[in-house]
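*Asks:* Order-wise, the sequence lines are chains D and V. Residue 233 is where the first sequence starts when you use our numbering, and the numbers rise one by one after that. Residue 31 is where the second sequence starts when you use our numbering, and the numbers rise one by one after that. Glycine included, C-beta positions come from ideal geometry on N, C-alpha and C. All values reported here derive from a predicted model rather than from experimental measurement. One structure, as structure tokens, below. Some questions next.
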Amino acid sequence: MSNGNYNRPDLLDLDTKQETFLDTTEMVLNMGPQHPSTHGVLRVILKLDGEKVLGTECIIGYLHRGVEKIAENRTYAMFNPYVDRMDYVAAVSNGLGYCEAVEKLLAVEAPARAQYIRVIMTELCRIASHQVWLGTHALDIGALTPVFYAFRDREEILKIFEKYCGARLTTHAFRIGGCIYEIYDGFEQDVKNFCQKFLPKLDEYEELLTTNRIWVARTKGVGVLSAEDCIALGVTGPVLRASGVEWDLRKKQPYEAYSKFQFDIPTGLNGDTYDRYLVRIQEMRQAVRILLQAVESIPAGPIMAKVPKVIKPAPGEVYHSIEAPKGELGYYIVSDGSTQPYRVRVRPPSFVNLQALDKMVRGMLVADVVAVIGTLDIVLGEVDR
Amino acid sequence: MLESIKQYLSTNVTPGEAGSMFWATIYVLAITIGVSLAVLSMNWLERKILAHMQIRLGPMRVGPHGLLQPIADALKLLIKEDVIPAGADKIVFWIAPVFVMMTAFTTFIVVPFGRTAAVTDMNIGILFMLGVSSLGVLGVIMGGWASNSHYPLMGSLRSGAQMVSYEIAMGLAIISAVLMTSLGATGTGTLSMVGIVQAQADQRTWFVFSMFPLGLAAFVVFAIAMVAETNRAPFDLPEAESELVAGFMTEYSGFRWSLFFLAEYAAMLAVSSIAVTLWLGGWLRPFPNWLSGPAWDLAFSFVPGLTFLGLAAMCFIGTVRMPKILQLRIQTIGLGTFGAVLAAVGLLLLVPGVRERSQDVFWFTAKVAVFMYLYIWYRGTFPRYRFDQLMKVGWKILLPVSLGVLIVTAIVGVRQELWAALTGVTR
Chain D
233 MSNGNYNRPD
243 LLDLDTKQET
253 FLDTTEMVLN
263 MGPQHPSTHG
273 VLRVILKLDG
283 EKVLGTECII
293 GYLHRGVEKI
303 AENRTYAMFN
313 PYVDRMDYVA
323 AVSNGLGYCE
333 AVEKLLAVEA
343 PARAQYIRVI
353 MTELCRIASH
363 QVWLGTHALD
373 IGALTPVFYA
383 FRDREEILKI
393 FEKYCGARLT
403 THAFRIGGCI
413 YEIYDGFEQD
423 VKNFCQKFLP
433 KLDEYEELLT
443 TNRIWVARTK
453 GVGVLSAEDC
463 IALGVTGPVL
473 RASGVEWDLR
483 KKQPYEAYSK
493 FQFDIPTGLN
503 GDTYDRYLVR
513 IQEMRQAVRI
523 LLQAVESIPA
533 GPIMAKVPKV
543 IKPAPGEVYH
553 SIEAPKGELG
563 YYIVSDGSTQ
573 PYRVRVRPPS
583 FVNLQALDKM
593 VRGMLVADVV
603 AVIGTLDIVL
613 GEVDR
Chain V
31 MLESIKQYLS
41 TNVTPGEAGS
51 MFWATIYVLA
61 ITIGVSLAVL
71 SMNWLERKIL
81 AHMQIRLGPM
91 RVGPHGLLQP
101 IADALKLLIK
111 EDVIPAGADK
121 IVFWIAPVFV
131 MMTAFTTFIV
141 VPFGRTAAVT
151 DMNIGILFML
161 GVSSLGVLGV
171 IMGGWASNSH
181 YPLMGSLRSG
191 AQMVSYEIAM
201 GLAIISAVLM
211 TSLGATGTGT
221 LSMVGIVQAQ
231 ADQRTWFVFS
241 MFPLGLAAFV
251 VFAIAMVAET
261 NRAPFDLPEA
271 ESELVAGFMT
281 EYSGFRWSLF
291 FLAEYAAMLA
301 VSSIAVTLWL
311 GGWLRPFPNW
321 LSGPAWDLAF
331 SFVPGLTFLG
341 LAAMCFIGTV
351 RMPKILQLRI
361 QTIGLGTFGA
371 VLAAVGLLLL
381 VPGVRERSQD
391 VFWFTAKVAV
401 FMYLYIWYRG
411 TFPRYRFDQL
421 MKVGWKILLP
431 VSLGVLIVTA
441 IVGVRQELWA
451 ALTGVTR
């Protein structure tokens with residue numbers, strides 16, 4: 233890595249300049265892009281005084297694939313699978329956001345049955361995404377075991393995905409205007425079985441971590457982000473809710489069939505890593521609650537709205553956002569009336585949440601940087617696009 | 031020749047005490063090979079046990095149930111390219127792993143695996159062990175410094191700070207155990223490893239139970255400090271994988287890395303040996319009071335052989351349970367052979383004569399094995415402490431506790447003399 237930045241600590245914001253003590257100097261540590269716990273290829277330049285973090289600088293783009301530019305050369309339907317590759321651990325949510333944005337542009341609405349299927353798939357995906365977060369976050373803090381438990385149970389969700397649409401990770405489950413696949417026989421039963429089996433397993437995760445003295449010591453008071461800071465930085469999702477702001481797009485701007493279900497928005501008090509952990513665990517419980525309500529009442533009817541074969545929206549622009557597992561996932565699409573979008577801009581929650589890293593780790597220790605990267609739950613595919 | 035062997039075996043002292051250079055060399059060789067083998071088997075056991083805790087199988091391919099995996103790994107490490115980073119201080123980089131390994135292995139000179147199964151019985155045995163094992167940190171710091179890289183530097187600094195902090199609590203806990211050797215009718219107080227176990231035999235108790243709960247408290251302090259001392263989870267900050275990549279070993283690879291690995295496990299065995307010697311009665315068999323008498327002595331002398339036969343039986347059951355397919359035939363034969371070797375060892379240990387002489391080593395090893403299991407268990411259960419929290423545990427909890435235990439132990443130990451001095455009445 234012959235990047236000149238490495239030797240240029242002046243790139244870092246030096247407003248925390250401190251007096252040197254006993255003739256010690258600060259050290260610049262290059263963390264990543266090859267590092268076990270930067271969740272992919274994030275590169276963080278740390279300015280350290282011993283173990284204390286004086287400042288950070290995130291360098292991103294190692295996974296840049298130009299997804300937004302690709303969109304300009306694909307038809308609306310052809311671009312749909314690409315969005316799965318952004319947040320690959322929550323591919324279903326990405327697809328949902330894109331399909332809904334195009335539907336909004338076309339002024340069509342998915343049929344009720346499709347909406348229910350979408351909600352079930354998206355909530356399953358939320359649980360799967362949080363399980364990946366839980367496992368890797370615990371691994372970063374040094375607990376080796378939860379990651380295996382989480383991945384074991386995530387497998388059940390992936391099996392349902394596989395049976396539904398043939399793919400496990402990058403599902404491409406939805407189409408513009410609804411769903412293309414009818415649910416398979418026994419889908420409801422599979423989801424119900426999963427929910428029943430999953431709740432005790434969630435207790436098992438909590439048993440390993442929630443009251444673990446070392447876990448609490450490592451997460452309480454670490455990476456505190458106040459509600460004002462969250463809003464100023466545009467942070468969304470569980471990170472925002474853990475700071476005490478009750479903001480969930482599923483409730484505040486209901487889309488799909490979410491307005492028909494009973495669920496709570498779990499919020500935290502302190503905005504520290506421990507609260508974010510609790511909020512995400514509670515979110516998994518709420519997702520199970522939504523799932524159980526949804527599978528009981530899937531309405532009959534078509535699964536695809538009337539959408540023209542060649543999608544050619546009228547000139548105009550649209551912004552639509554959904555509550556992805558990591559926060560507000562927005563799509564801004566400009567149409568010039570042709571079959572291809574003029575511009576697609578994605579508002580990825582990981583990218584925006586990552587901006588809070590510097591604020592959260594200043595004055596903390598190196599070990600906290602790792603914990604905070606984990607608690608922000610970033611996916612570099614989504615940050616870099 | 032045979033006569034001299036027989037004559038030596040009939041003596042009741044260690045080669046060091048007997049002044050026999052020849053036997054001392056044999057013992058050193060045996061211990062070096064034994065410790066290396068123990069590290070190899072620890073490697074396999076750790077992977078298997080950790081895997082089963084984490085709902086996976088662990089190594090299964092190389093040999094039956096992955097039994098040959100450590101050997102395959104060792105071979106791989108040996109034939110790997112020898113990399114010394116361009117900016118490294120070559121000589122220090124070269125010396126560091128050798129230094130760490132030498133210190134880790136040297137400590138075993140005074141470990142009493144049995145009454146006679148030690149290289150020598152030094153009269154300052156425990157002091158020697160502490161001194162030599164704490165030299166190991168020097169090698170770690172050398173390795174971290176010589177790598178000329180940020181992660182190893184931070185890892186080695188953490189290691190240095192950690193070992194210095196925990197060594198104090200550890201030393202105080204050890205002193206309180208040494209104080210206990212002066213109790214009892216014949217107790218005179220000793221630093222000799224053999225002497226400490228002898229004192230426990232004379233007092234007919236293990237020090238972990240004596241002066242309850244003082245012995246237990248000192249033991250617990252030591253058991254925590256020794257995990258920190260050997261840089262194992264949850265105190266594995268110097269090699270914290272998720273933070274410092276691999277800590278002080280980041281720039282090391284191949285054989286040099288394997289020396290660090292060997293040293294780490296040898297150090298774990300060494301500190302566990304200290305704990306076993308000081309608090310768990312060393313080579314003494316369990317239940318000396320409850321199940322006492324020559325009949326029970328005889329019964330317990332069969333345990334080592336029967337344990338090996340039990341392990342062999344497990345292997346044979348595994349052979350039967352192995353799927354009967356062509357691809358697994360070699361594995362099945364291998365497992366059967368392994369079982370046969372274990373059975374042969376078990377039968378050998380049942381032979382009178384061998385039986386009496388081998389049980390010391392067996393009990394000592396079994397107790398150390400319990401600690402090894404605990405190490406693995408910790409690793410599967412606990413997240414990692416942060417650096418400041420680690421220091422807090424060391425200085426604010428373990429140090430005061432061990433200091434308090436030491437003072438109270440001393441006062442309780444001399445309470446009669448104190449009473450006499452204060453009141454002038456001798457009871």
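Near D/Gly298, which residues of its chain fall below 6 Å by C-beta distance, leaving aside the five closest residues on each side in sequence?
*Replies:* Residue numbering aside, residue 298 of chain D sits at position 66 when the first sequence is read from its first letter. Closer than 6 Å at the Cβ level, and outside the excluded window around D/Gly298, lies no residue.
*Asks:* Report yes or no: is there a C-beta of chain V within less than 8 Å of the C-beta of D/Leu434?
*Replies:* Residue numbering aside, residue 434 of chain D sits at position 202 when the first sequence is read from its first letter. Not an interface residue.
*Asks:* Which of the three DSSP states, helix, strand or coil, is assigned to D/Thr288?
*Replies:* The residue labelled residue 288 of chain D in the question sits at position 56 within the first sequence. Here D/Thr288 sits in strand by DSSP.
*Asks:* According to DSSP, is V/Ser206 part of a helix, a strand, or is it coil?
*Replies:* For the purposes of this step, residue 206 of chain V is taken as residue 176 along the second sequence, with counting starting at 1. Reduced to three states, the DSSP call for V/Ser206 is helix.
*Asks:* Taking the alpha-carbon positions, what's the D/Gln494 to D/Lys336 distance?
*Replies:* Here residue 494 of chain D refers to the residue found at position 262 when the first sequence is read from its first residue. Here residue 336 of chain D refers to the residue found at position 104 when the first sequence is read from its first residue. Looking at the two C-alpha atoms, the distance is approximately 25 Å.
*Asks:* Which word fits V/Gln446, buried or exposed, when buried means at least 16 other C-beta atoms lie within 10 angstroms of its C-beta?
*Replies:* Sequence index remark: in the second sequence, residue 446 of chain V carries index 416 (1-based). With fewer than 16 other CB atoms across the displayed protein chains lying within 10 angstroms of its CB, V/Gln446 is exposed.
*Asks:* Can you list, in chain order, the residues of its chain whose CB lies under 7 Å from that of V/Ala81, leaving out five sequence neighbours each side?
*Replies:* As a working mapping, residue 81 of chain V is identified with position 51 in the second sequence. Around V/Ala81: Leu87, Gly88.
*Asks:* Below 9 Å between beta carbons is the criterion; list the residues of the region 257-270 of chain V that meet it against any residue of chain D, in chain order.
*Replies:* Ala263, Pro264, Asp266, Leu267, Ala270
*Asks:* For chain D, is any of its Cβ atoms less than 8 Å away from the one on V/Thr22?
*Replies:* Outside the shown range of chain V, which is 31 to 457, sits residue 22 of chain V, and nothing can be said about it.
*Asks:* Measure the alpha-carbon distance for D/Thr403 versus V/Glu259 and round it to whole angstroms.
*Replies:* Against the first sequence, residue 403 of chain D aligns to sequence position 171. Against the second sequence, residue 259 of chain V aligns to sequence position 229. Taking the straight line joining both Cα atoms gives about 49 Å.
*Asks:* For V/Tyr57 and chain D, any beta-carbon pair shorter than 8 Å?
*Replies:* Stepping through the second sequence from its first residue, residue 57 of chain V is reached at position 27. No, no contact with chain D.
*Asks:* Who are the Cβ neighbours of V/Gly364 in its own chain at under 7 Å, not counting the five residues just before and after it?
*Replies:* Working through the second sequence from its first residue, we reach residue 364 of chain V at position 334. Within the same chain, V/Gly364 has close Cβ partners Gly93, Pro94.
*Asks:* Sorted by chain position, which residues of the same chain lie with C-beta nearer than 6 Å to D/Asp590's C-beta, five sequence neighbours on each side aside?
*Replies:* Position 358 of the first sequence, counted from the start, is the residue given in the question as residue 590 of chain D. Only Thr288 meet the Cβ criterion.
*Asks:* Mind pulling the chain D residues with CB within less than 9 Å of V/Tyr415?
*Replies:* Numbered from its first residue, the second sequence carries residue 415 of chain V at position 385. What V/Tyr415 touches in chain D: Gly374, Ile446, Ala449, Arg450, Ala599.
*Asks:* Starting from D/Val276 and walking both ways along the beta strand (DSSP E), at which residues does that stretch end?
*Replies:* As a working note, residue 276 of chain D is residue 44 in the first sequence. Taken as a continuous stretch (DSSP letters only), the beta strand (DSSP E) holding D/Val276 covers 275-281.
*Asks:* Classify D/Gly236 as buried or exposed, calling it buried when 16 or more other Cβ atoms lie within 10 Å of its own Cβ.
*Replies:* Within the first sequence, residue 236 of chain D is the residue found at index 4, counting from 1. Any reading at D/Gly236 needs caution, since the residue's pLDDT is 43, under 50, leaving its predicted position unreliable; the model's value is listed next. Exposed, because fewer than 16 other Cβ atoms sit within 10 Å of the Cβ of D/Gly236.
*Asks:* If the cut-off is 7 Å on Cβ atoms, which residues from the region 265-288 of chain D count as contacting chain V, listed in chain order?
*Replies:* His267, Pro268, Ser269, Glu283
*Asks:* Contact between the region 357-368 of chain D and the region 386-401 of chain D: three or more CB pairs below 8 Å?
*Replies:* yes
*Asks:* Using a beta-carbon distance cut-off of less than 8 Å, what residues from the region 83-108 of chain V approach chain D?
*Replies:* Met83, Gln84, Ile85, Arg86
*Asks:* So is V/Val431 in contact with chain D if we call contact Cβ pairs under 8 Å?
*Replies:* On the second sequence, residue 431 of chain V is found 401 positions in, with the first residue counted as 1. Output row for V/Val431: interface = no.
*Asks:* Based on DSSP bridge pairs, tell me the residues matched to D/Asn262.
*Replies:* As a first step, residue 262 of chain D is located in the first sequence; it is residue number 30 there, counting from the start. The secondary-structure analysis by DSSP pairs D/Asn262 across a beta bridge with D/Ile277.
*Asks:* With a threshold of 8 Å between beta carbons, is D/Arg384 in contact with chain C?
*Replies:* The structure shown contains no chain C; its protein chains are D and V.
*Asks:* Starting from V/Val275, find everything on chain D with Cβ-Cβ shorter than 8 Å and list it in chain order.
*Replies:* Start at 1 with the first residue of the second sequence, and residue 275 of chain V comes out as number 245. Ordered by position in chain D, the residues that pass the 8 Å Cβ test against V/Val275 are His267, Pro268.
*Asks:* What residues from the region 187-204 of chain V come within 7 Å of chain D, judged by C-beta to C-beta, listed N to C?
*Replies:* none
*Asks:* Would you grab the beta carbon distance between V/Phe330 and V/Arg315 for me? Rounded to a whole angstrom, and I think it's under 8 Å.
*Replies:* If you number the second sequence from 1, residue 330 of chain V lands on position 300. If you number the second sequence from 1, residue 315 of chain V lands on position 285. The Cβ separation is near 5 Å, so the contact holds.
*Asks:* So with CB distances below 7 Å, who are the chain D contacts of V/Gln419?
*Replies:* As a first step, residue 419 of chain V is located in the second sequence; it is residue number 389 there, counting from the start. Neighbours of V/Gln419 on chain D, chain order: Ala449.
*Asks:* Quick one: which chain V residues come within Cβ less than 8 Å of D/Thr377?
*Replies:* The residue labelled residue 377 of chain D in the question sits at position 145 within the first sequence. Within 8 Å Cβ-Cβ: Met83, Gln84, Gly410, Thr411.
*Asks:* So, for D/Arg450: in the same chain, excluding its five sequence neighbours on each side, which residues have a beta-carbon less than 7 Å away from its beta-carbon?
*Replies:* Along the first sequence, read from residue 1 onward, the residue named residue 450 of chain D stands at position 218. Closer than 7 Å at the Cβ level, and outside the excluded window around D/Arg450, lie Ile373, Ala603.
*Asks:* I'd like the list of long-range same chain contacts for D/Leu390, defined as Cβ closer than 6 Å, with 5 residues on each side in sequence excluded.
*Replies:* Start at 1 with the first residue of the first sequence, and residue 390 of chain D comes out as number 158. Same-chain partners within the cutoff: Arg400.
*Asks:* For D/Asp245, which three-state DSSP category applies?
*Replies:* Start at 1 with the first residue of the first sequence, and residue 245 of chain D comes out as number 13. Confidence at D/Asp245 is low in this model, with a pLDDT of 49, below 50, so its placement is unreliable and no value can be given for it.
*Asks:* Can you confirm whether D/Phe495, when its beta carbon is compared against all beta carbons of chain V, has any partner nearer than 8 Å?
*Replies:* Here residue 495 of chain D refers to the residue found at position 263 of the first sequence. By this cut-off, D/Phe495 is not an interface position.
*Asks:* What three-state label does DSSP hand D/Ile565 in the structure shown?
*Replies:* Position 333 of the first sequence holds residue 565 of chain D. If DSSP states are grouped into helix, strand and coil, D/Ile565 belongs with the strands.
*Asks:* Which chain V residues are close to D/Phe380, counting only those with a beta carbon under 8 Å from its beta carbon?
*Replies:* One-based indexing of the first sequence puts residue 380 of chain D at position 148. Gln84, Ile85, Arg86, listed in chain order.
*Asks:* Is there a Cβ of chain V sitting closer than 8 Å to that of D/Ala556, yes or no?
*Replies:* Numbered from its first residue, the first sequence carries residue 556 of chain D at position 324. Not an interface residue.
*Asks:* Would you say D/Glu610 and D/Ser269 are within 8 Å of each other, going by their C-beta atoms?
*Replies:* As a position in the first sequence, residue 610 of chain D is number 378, starting the count at 1. As a position in the first sequence, residue 269 of chain D is number 37, starting the count at 1. The sequence as given places Ile at residue 610 of chain D; Glu does not occur at that position. Contact flag unset, no.
*Asks:* List the residues of chain V whose Cβ lies closer than 9 Å to the Cβ of D/Leu261, in chain order.
*Replies:* Working through the first sequence from its first residue, we reach residue 261 of chain D at position 29. Correct list: His180, Tyr181, Met184.
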